[in-house]
Every structure is written in structure tokens, then in C-alpha cells.
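Numbering (our numbering), first residue to last: 33 to 337.
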Amino acid sequence: MGPIKHGKVGDRRSKILSLAKEVGEVRVFELAQKLGVSEGTVRADLRHLEEEGCLQRVPGGAIGIEGTFIKPKMTPFEARMQRFRFEKEEIARYVVSNFINDGDVLLVDASTTTTLLVKEIVERSRDVTIITNAVNFCDETIDSSGITLILTGGELQKTNFSLVGEVTSQFLKNLQVDKAFLGTTCVLFDEGLMTVTTGEAEVKRLMIKAAKEVYILATHGKIGRRLEITPFAGFIQEGDELKIYPHNLSTETRHFKIVTDDNFATEEERDIFEAERKKFLPFKEVFDAVHLSETESAREEIWRP
């Protein structure tokens, strides 16, 4: 059977959904052959369809969601959760496996990636204390006997389920913990880390100051991304090390690690990522990319630390 003819992107994606519904699971290389397009194009289609709630990506392909392929009604937070969900889940698994131990006291801020991190902590039955400004973590941890959850208090920002403001800040100013796990909107070597609102920026600054070690969780599309939003942390060289410090709050620096992924759908994504990553290369152990390439041929080409 030759390639399926298609005239529009929408037609191609409809065919992908039909195949997923028919066979249950579709593979990237098979779809590329059937549709007569590149594997990168297929990955971009699968990512879009997952974000629409139409299917779920898995390594090497995707599986159909039972029922009709009608976009479900989602809250803005749920919609953001779906964007790069596969990558966020793999980052969460990597972080729990490598950086979280029983008995840890963790600061975890409010974001879609850190929500999936908490889900993974629950799944692994880790015995930890989580201090957070994310009210949705209550629901995520309610049935976990091993997790002690402490909320900061503060004013609720409903779009992100986050607590911010003076009460939140006063609570965080008195803390000292082992590790902080933070989401971010942008990662730039020269300009630092950024987020959307000033309230959340202040929370992130205080969490950095309160922790001995800081872990920044960011999907690959945030590496090298440039937006005019609020900075909350910068990078500074101390001897042979690169450290993080909270903007406009303290000159104290902390050890940190950026945890991201390498699941590029296009060469443009890869080029932007690589250009920014190279700036971190002189400094060891500050940049981890979880390897999520969806075919073995692509996996061989993608950078490994």
C-alpha cells in the first residue's frame, strides 16, 4: 500500500486519529511511511493531537484514547498540563529516580511539571515532606500515607492553583530545606530564569534562597525561549562552578541542576536548544537532558551528556 494522499494538515491528523482508533497504537515510522511525510512531521502531529486531548504519546508512537475523538473541555491549567505531557512525565520519573530520597524535605512550587513530579512521588510511595504553594497538591497526595504536605498559605491564583502574596512570602522567609524543585517559563544562560507573574516570581526567588540544592524542571521548548516576562533567578560563575541566585533578593548562591528532555519534533527546536545548551557545557553537572528520542535512528543523532 502506497502513502495515503493528503491535502491539508487537518486531513493528515484525522487519518492518524482514525488509525489510532482502529489499531489501538500507532508507530512514528509506520505513520511516516503511510502518510508520505517525515518522522519529525509525524511527531509534531502527535504532539498537537495529545495537546488537544485526542491521543496519548508513548515511546515511539501514540495510543488512542477510548471513546470519541472530540476535544474535551479543559481548564487552562489542564490544557497546559497536556502540552508536552509525555516529556514532563519522563522528566518527573527521572527526577524522582535520581534526586529524591526517603526522608527528604522538599520545596515544590506550582506548575504543571511539578504537579506531575508530585504524582510520580506518590506513585513511587516515597516518604517525604513537601512544602508547597500549590493547592492542587492536596488532591494529588490525599491518599498517600508517606507524604507530609505543608501549604504556605497566601492568596490563591486560580489559573495556576498557586498561593502568592505577603503571607506566602513571610512563610518562606523562615525556611531552610534540602531541595527545591521549580518550574519555569524560560531558561536563558545570559538572562536567567523567567516566569509569567510577579507573584510567582517572588515565590520562586524565596524557594531558591531557602534550599541547599535547586532543581529546575523545564521541557526542551523552554530552553533558549525568549519572552518579555518576569525574571526570578540568574546564573553566576564562582571559580569553576556555575551557580544560581535569586534576582533582587540575595547575593547568596546555590548549587543547581536543570533537568530537561531531548524529544525534538523539528530541527529548529533542536538548533535553538543546542545553541543554549552549549553555553552551559563548560560547567559540569548543571544540565541533564532525559533521552526521549522516539526512534533508534533519531536517538543516535541526539546529544548525550
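The beta carbon of each residue, even a glycine, is placed where N, CA and C say it ideally should be.
Separation of Glu245 and Ala212 (C-alpha to C-alpha, rounded to the nearest whole angstrom) is 6 angstroms. The region 229-237 makes no contact with the region 301-313, as fewer than three CB pairs between them are under 8 angstroms. Taking the Cα positions, Val160 is about 8 angstroms away from Asn133. Annotation: the continuous beta strand (DSSP E) that includes Val291 extends over His287 to Asp293.
Closest option to Val58, judged by alpha-carbon separation, among Leu87, Gln202 and Gly72: Leu87.
Leaving aside the five residues that flank Val322 on each side, the residues in its chain whose CB is nearer than 6 angstroms to its CB run, in chain order, Glu122, Ile123, Tyr126 and Asp293.
Beta bridge pairing from DSSP links Glu245 with Lys211 and His287. Here His252 has Thr292, Asp293 and Phe305 as same chain residues with Cβ atoms under 6 angstroms from its own Cβ, once five neighbours each way along the sequence are excluded. As DSSP reads the structure, Gln65 sits in no beta bridge.
An exposed status is given to Val199, since fewer than 16 other beta-carbon atoms sit within 10 Å of its beta-carbon. Pairing Cys218 with Arg156 gives a Cβ-Cβ distance that is not under 8 angstroms. For Met226, the beta-bridge partners assigned by DSSP are Cys218 and Pro263. Gly253 sits in a helix when the DSSP states are folded into three classes.
For the set Lys310, Leu274, Glu308 and His279, the Cα lying nearest the Cα of Val318 is the one of Leu274. Assigned with DSSP and collapsed to three states, Ile48 falls in helix. For Ile163, the enclosing beta strand (DSSP E) has its first and last residue at Val160 to Thr164.
In the DSSP assignment, Leu281 falls outside any alpha helix (DSSP H), carrying neither H nor E. Per the C-alpha coordinates, the member of Ala297, Glu110 and Leu238 positioned closest to Ser70 is Ala297. Collapsing the DSSP output to three states places Ser194 in a strand. In this structure, Phe169 sits near Val150, with a CB-CB distance shorter than 8 angstroms. Around the C-beta of Gly42, fewer than 16 other C-beta atoms lie within 10 Å, and the residue is accordingly described as exposed.
With contacts defined as CB atoms closer than 8 angstroms, Leu249 and Leu214 qualify as a contacting pair. Setting aside the 5 residues that flank it on each side, Gly135 has no residue in the same chain whose C-beta is closer than 6 angstroms to its C-beta.
Ranked by Cα distance from Met113, the options Phe193, Pro314, Lys236 and Ala265 are led by Phe193. Exposed is the label assigned to Ile268, since fewer than 16 other Cβ atoms lie within 10 Å of its Cβ.
By the CB criterion at 8 angstroms, Ile255 and Glu308 fall inside the cutoff.
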